[in-house]
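Below: the structure, in structure tokens.
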Ligand code: SF4
């Protein structure tokens with residue numbers, strides 16, 4: 001599979017009045033043609049800043065300070081703003097958590113769908129309207145001809161997210177970045193939207209970068225998972241690697257906090273205690289130290305690099321060093337020898 005997106009040594013910071021917040025600290029991510037990659041981590045880990053960096057939409061006082069972002073071999077960080085405008089929505093589309101932030105409440109859904117179609121695809125008004133109806137039908141919005149004349153507030157949250165997906169698909173982008181696309185929705189609608197994204201990905205062969213705090217929702221849509229913590233990648237691998245052979249204590253914590261179908265009402269989810277570090281002063285050692293029950297002295301002193309577990313599976317933890325105690329993980333817990 002060819003690489004569609006290559007993020008190399010990306011550093012993005014926010015220059016606030018109290019100092020530089022190092023939100024993303026040297027990450028590398030590849031997304032191949034037709035692949036769906038999940039970027040997972042809790043709030044503030046740098047996953048959304050990564051997606052905004054790809055779109056070159058990091059809000060002020062944020063700034064990309066180092067790295068390259070290759071899209072089909074061309075570095076997006078070297079493009080002019082005018083060139084980026086042609087890429088956004090056309091070759092790379094973004095779906096946000098709250099569709100109301102992207103939909104303009106004073107225009108009908110039709111206005112907001114038809115205009116970009118005319119602009120990017122050079123269609124006349126009639127043809128663009130026909131295509132807009134088709135797109136709404138594609139995302140299963142009933143009675144699309146009528147719905148095209150309605151305003152965003154006349155749609156439910158789930159329906160608005162379907163409209164956002166239709167808008168994202170309107171120019172058949174090669175890459176769709178979906179940032180917490182189902183977080184604001186209830187569980188049944190969440191499942192429907194994920195199923196829809198899965199079907200459409202297969203149909204249009206778009207690549208997807210799915211940003212989420214919920215490891216549970218990536219399993220069905222993605223083939224690969226990148227786990228981020230405190231602005232760095234702590235583990236990456238196939239869905240199978242991450243769910244059945246995770247190697248980083250933070251990933252173990254994430255997995256234990258997912259509800260399981262066979263859980264009894266007496267069983268409780270286990271949260272990860274503590275807080276991520278302050279990225280105004282990132283620690284010299286592993287950023288997970290204060291929350292990690294397996295922390296050793298070296299963890300305080302040096303940040304581990306990514307250790308290769310297998311071909312496509314890497315994790316940044318000193319426990320993987322040959323000198324560290326051996327650790328076995330299963331769903332019930334971890335044992336150290
Ligand atoms: Fe825990 Fe050390 Fe591994 Fe960090 S490097 S996750 S502190 S064991």
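Numbering (this note's numbering), first residue to last: 1 to 337.
Beta carbons are placed, not taken as given, at the ideal position from N, Cα and C, and that holds for glycine.
Everything numeric in this text was worked out from a predicted model, so none of it was measured.
Query, Result
"Is the beta carbon of residue 230 less than 7 Å from the beta carbon of residue 276?", "yes"
"The ligand SF4 and residue 229: does the residue's C-beta get closer than 6 Å to at least one heavy atom of that ligand?", "no"
"What do you reckon, is the C-beta of residue 294 under 6 Å from a heavy atom of the ligand SF4?", "yes"
"Mind checking residue 212: buried by the 16 CB within 10 Å criterion, or exposed?", "buried"
"Return helix, strand or coil for residue 289, following the three-state DSSP convention.", "helix"
"Look at residue 247 and residue 315 and say whether their C-beta atoms are less than 7 Å apart.", "yes"
"Within 6 Å: the Cβ of residue 288 and any heavy atom of the ligand SF4?", "yes"
"Please look up how many angstroms separate the CB atoms of residue 65 and residue 77, rounded, as I've assumed it's under 8 Å.", "Residue 65 to residue 77, Cβ: 10 Å. No contact."
"Name the DSSP bridge partner or partners of residue 12?", "24 and 64"
"Heavy atom of the ligand SF4 less than 6 Å from the Cβ of residue 277, yes or no?", "no"
"According to the Cβ coordinates, are residue 52 and residue 27 closer than 7 Å?", "no"
"Do residue 40 and residue 234 come within 7 Å of each other at the CB atom, strictly closer than that value?", "no"
"Got a sec, what are the start and stop residues for the beta strand (DSSP E) residue 184 sits in?", "Residue 184 -> no beta strand (DSSP E), and no H or E assigned at all."
"Is it true that the CB of residue 288 sits closer than 7 Å to the CB of residue 250?", "yes"
"Just list the residues that DSSP pairs residue 38 with in beta bridges.", "210 and 225"
"By Cβ distance below 7 Å, which residues in the same chain neighbour residue 19 in space, the five residues on each side in sequence not counted?", "280"
"With the cut-off set at 7 Å, would you say residue 56 and residue 84 are in Cβ contact?", "yes"
"By DSSP, does residue 153 sit in helix, in strand, or in coil?", "helix"
"Taking 6 Å as the line, does the beta carbon of residue 319 fall inside it for any heavy atom of the ligand SF4?", "yes"
"State the DSSP-derived secondary structure class of residue 55, mapped to helix, strand or coil.", "helix"
"Can residue 299 be considered in contact with the ligand SF4, in the sense that its beta carbon sits closer than 6 Å to one or more heavy atoms?", "yes"
"Is the beta carbon of residue 29 less than 7 Å from the beta carbon of residue 69?", "no"
"Expressed to the nearest angstrom, what Euclidean distance is found between the alpha-carbon atoms of residue 34 and residue 17?", "42 Å"
"Less than 7 Å between the C-beta atoms of residue 113 and residue 127, yes or no?", "no"
"Going by beta-carbon coordinates alone, are residue 258 and residue 194 separated by less than 7 Å?", "no"
"From 320, 153 and 158, pick the residue whose C-alpha is nearest to that of residue 97; which is it?", "158"
"Count the other CB atoms, across all protein chains shown, that sit within 10 Å of the CB of residue 173; report buried if there are 16 or more and exposed otherwise.", "buried"
"Any heavy atom of the ligand SF4 closer than 6 Å to the CB of residue 246?", "no"
"First and last residue of the alpha helix (DSSP H) that includes residue 120?", "109-121"
"Of the choices 255, 148 and 307, whose alpha-carbon is the least far from that of residue 107?", "148"
"Taking the beta strand (DSSP E) that residue 253 belongs to, which residues open and close that run?", "Unbroken run through residue 253 is the alpha helix (DSSP H), 249-256; no beta strand (DSSP E)."
"The beta strand (DSSP E) spanning residue 102 covers which residue range?", "Element bounds for residue 102: not the beta strand (DSSP E) but the alpha helix (DSSP H), 99-102."
"Answer with buried or exposed for residue 319, where buried requires no fewer than 16 other C-beta atoms within 10 angstroms of its C-beta.", "buried"
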